[in-house]
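Asker: Starting off with a structure, shown below.
Structure below.
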């Protein structure tokens with residue numbers, strides 16, 4: 037008889053595995069000062085409860101302190117603080133009003149859930165709106181109605197002030213570092229693509245790294261650009277430098293697709309360009325005499341590049357060589373404004389009021405927005421009704437648990453519920469030791485200082501680790517407010533388990549979102565966009581199509597595929613059948629990425645002398661892609677779809693693309 041070894045399931049092991057990430061020492065320091073200083077001031081003034089409220093606000097700022105760029109820190113920390121102040125005010129107004137409080141908090145949950153689908157800043161804002169509303173409705177807060185919101189907002193703004201201290205000295209440094217990282221990742225992509233051995237795994241990893249790096253760099257630059265209507269010289273240069281990366285990234289698929297070896301000098305030159313970008317060389321040492329146009333092709337030595345790169349042989353080497361020359365020209369030019377005006381690959385952002393109006397309209401008309409809002413409101417309503425009918429001491433913890441578990445961009449609801457329970461249990465062990473061994477008073481300050489450092493240090497490791505770090509801090513600050521001591525520990529564990537149970541039943545099991553709605557539809561949209569990309573690259577009038585338009589379309593495609601990859605990673609942490617189905621669909625995601633790569637490679641070859649494909653070939657590839665997209669919207673289990681192309685030619689520039697489309701359509705369903 038075979039004995040099975042008892043071991044945790046794979047999805048749980050994947051959820052508990054810590055993510056590799058460096059410790060953000062600056063954020064650790066800000067967290068320690070931002071949370072301990074208000075508590076120290078309150079204790080010194082004889083009002084420790086006021087200090088605890090300000091420290092709670094600082095905790096919200098620490099959670100939102102995740103951006104590198106200083107302008108984005110203002111958005112990520114300041115805007116959510118305003119919604120947090122509104123939430124605690126609404127909660128305090130309905131405190132002790134029974135079913136009125138239940139209805140009010142449930143309505144806030146609906147609004148918070150719908151807000152969370154807009155974007156990152158709106159998600160954190162919706163989170164703080166609901167969290168602080170729950171706290172205000174569940175805890176008797178000291179002072180007048182305005183005091184608690186003011187103190188909590190002040191704590192958050194203290195963290196923001198600490199985060200902006202170095203701005204005058206390091207303005208633009210995070211943005212330049214992000215662009216330089218993109219150049220280095222592009223060099224690694226050239227390394228992986230130009231080996232000539234066709235190593236798909238190494239190339240796919242390098243391509244994913246470039247996509248993530250481009251996403252981050254674009255987000256940082258766009259965050260500055262959205263509020264800089266005058267187009268400062270620094271901003272113009274960042275845009276031009278990002279624009280210059282695109283041709284290099286477009287050339288890499290040619291080398292990988294056709295097994296062409298690239299001279300090692302090409303990726304080495306890309307790394308030298310990265311160093312120049314990070315130093316901001318031309319920005320800092322450009323001289324008045326250098327201003328003006330002209331050809332800067334002879335100035336590569338100033339940037340650390342060899343004066344002459346090796347003579348290219350082959351389509352890929354020629355494309356990379358040409359792209360590197362363009363990038364070097366851009367970096368050497370002291371005034372790339374004409375380049376940006378002539379070929380703007382990012383596109384000018386709409387006015388803030390226009391984007392706000394669009395976001396509001398999209399949220400109100402979006403089915404996904406209403407589904408998430410109603411799901412969160414249902415769970416919060418059940419929790420608030422339950423604690424109103426049953427005497428649960430300090431019942432706000434149940435709703436807090438649900439809010440964190442159902443956060444839409446934290447990952448799988450099921451795994452979050454499990455990790456929340458495990459993380460809370462670990463955090464309660466730490467809290468029990470602190471509450472039993474440390475006397476309330478001045479000792480709270482060094483304890484909070486130490487515990488606060490763990491939050492930014494452990495948050496990048498995963499949700500469970502973040503929960504374990506936040507739990508003892510919240511319990512200690514709560515004890516300063518209500519003086520329950522060690523008696524807080526067991527009730528908080530029970531409340532957490534109740535909240536996780538409500539989230540699992542009412543927020544997960546009762547909302548069996550179909551697989552194709554979450555994944556299949558998004559992947560189908562990406563395939564449809566790929567069909568449009570093929571038509572844009574090779575269809576009628578493609579030669580007249582602006583390269584910037586094709587670049588934006590390609591960037592949008594890879595960003596969407598990157599988001600789908602993230603969704604798959606979340607799905608893999610869910611128990612069967614969802615996790616198993618995600619693993620079965622994964623090859624199709626890779627296949628779609630390769631279709632985009634093959635299209636780009638074909639376009640680059642045409643640009644460097646290959647014969648353009650006929651209209652019939654383009655139409656046939658586009659039709660096959662649209663049929664694949666329609667099939668993905670109609671099925672939940674993959675089935676093989678044989679495909680034959682008529683009139684195909686091995687010499688056609690689209691032959692590799694046809695092979696990739698055929699491979700994508702021939703993905704088989706899993707056994708059993």
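Residue numbers (the numbering used here): 37 to 708. C-beta atoms are modelled at their ideal positions from N, C-alpha and C, and glycine is treated no differently. Predicted model only: the values in this text are computed from it and were never measured.
Please state whether DSSP places residue 426 in a helix, a strand or coil.
Answerer: coil
Asker: Pick out whichever of 83, 95, 410 and 610 has its Cα sitting closest to the Cα of residue 147.
Answerer: 410
Asker: Measuring alpha carbon to alpha carbon, tell me which of 302, 443 and 165 ends up nearest residue 185.
Answerer: That would be 165, whose Cα lies nearest to the Cα of residue 185.
Asker: In terms of alpha-carbon separation, which member of 638, 490, 153 and 468 lies closest to residue 64?
Answerer: 490
Asker: Please give me, in chain order, every unbroken run of the alpha helix (DSSP H) with length at least 4 that falls completely inside the region 497-585.
Answerer: DSSP runs (the alpha helix (DSSP H)) wholly in the region 497-585: 499-518, 525-540 and 557-574.
Asker: If distances are taken between C-alpha atoms only, which option among 497, 467, 83 and 440 comes closest to residue 56?
Answerer: 497
Asker: When you compare only the Cα positions, how much space is there between residue 4 and residue 492?
Answerer: Missing from the structure shown is residue 4; the chain here goes from 37 to 708 and no further.
Asker: Can you tell me which of 668, 314, 614 and 168 puts its alpha carbon nearest to the alpha carbon of residue 209?
Answerer: 314
Asker: Name the two residues that bound the continuous alpha helix (DSSP H) containing residue 626.
Answerer: 614-643
Asker: So what does DSSP say about residue 133, is it helix, strand or coil?
Answerer: coil
Asker: When you compare each of 623, 291 and 452 to residue 701 by their alpha carbons, which one comes out closest?
Answerer: 623
Asker: With 16 other CB atoms within 10 Å as the buried threshold, where does residue 599 fall?
Answerer: exposed
Asker: Looking only at its chain, what residues have a beta carbon closer than 7 Å to the beta carbon of residue 456, apart from the 5 residues adjacent to it on each side?
Answerer: 437, 440, 441, 503, 532 and 536
Asker: List the whole-angstrom C-beta distance separating residue 250 from residue 517, where the pair is believed to meet the contact cut-off of C-beta under 8 Å.
Answerer: Incorrect: roughly 46 Å between the Cβ atoms, too far for contact.
Asker: Between the C-alpha atoms of residue 510 and residue 77, what's the straight-line distance to the nearest angstrom?
Answerer: 18 Å
Asker: When DSSP labels each residue in this structure, what does residue 349 get in the three-state scheme?
Answerer: coil
Asker: What do you reckon, are the CB atoms on residue 662 and residue 567 nearer than 7 Å?
Answerer: yes
Asker: Measuring straight from C-alpha to C-alpha, what distance separates residue 652 and residue 659?
Answerer: 10 Å
Asker: Enumerate in chain order the residues of its own chain whose CB-to-CB distance from residue 570 is below 6 Å, with the five nearest sequence positions on each side excluded.
Answerer: Around residue 570, the same chain offers 635, 657 and 658 as residues with beta carbons nearer than 6 Å, after the five sequence neighbours per side are excluded.
Asker: Beta-carbon within less than 7 Å of residue 717's beta-carbon, same chain only, minus the 5 sequence neighbours each way: which residues are those?
Answerer: Here the chain has residues from 37 to 708 only, and residue 717 is not among them.
Asker: Take residue 421 and list the residues in its own chain whose beta-carbon comes closer than 7 Å to its own, dropping the five residues that flank it on each side.
Answerer: 138
Asker: If I follow the unbroken alpha helix (DSSP H) through residue 696, where does it start and stop?
Answerer: First-last of the alpha helix (DSSP H) with residue 696: 691-701.
Asker: Residue 159 and residue 609 - do their beta-carbons sit closer together than 7 Å?
Answerer: no
Asker: Over the uninterrupted alpha helix (DSSP H) stretch that includes residue 461, give me the two end residues.
Answerer: 449-473
Asker: If you run the structure through DSSP and keep just helix, strand and coil, what is residue 382?
Answerer: Note on residue 382: pLDDT 47, under 50, position unreliable in the model; the coordinate value appears next. DSSP places residue 382 in coil when its eight states are reduced to three.
Asker: What's the C-alpha gap between residue 124 and residue 699?
Answerer: Whole-angstrom Cα-Cα distance: 55 Å.
Asker: In whole angstroms, what is the alpha-carbon distance linking residue 239 and residue 283?
Answerer: 17 Å
Asker: Grouping DSSP H, G and I as helix and E and B as strand, with all else coil, what is residue 476?
Answerer: coil
Asker: If the criterion is Cβ atoms closer than 7 Å, does the pair residue 351 and residue 281 meet it?
Answerer: no
Asker: DSSP state of residue 44, grouped into three classes?
Answerer: coil
Asker: For residue 89, which option in 369, 630, 355 and 168 has the closest C-alpha, if you only look at C-alpha atoms?
Answerer: Nearest of 369, 630, 355 and 168 to residue 89, Cα basis: 168.
Asker: Rounded to whole angstroms, what's the CA-CA distance from residue 62 to residue 106? Just pull it up for me.
Answerer: 13 Å
Asker: Spell out a yes or no on whether the region 398-405 and the region 129-143 are touching, meaning 3 or more CB-CB pairs, one atom from each, closer than 8 Å.
Answerer: no
Asker: Determine whether the beta carbon atoms of residue 435 and residue 419 lie at a separation below 7 Å.
Answerer: yes
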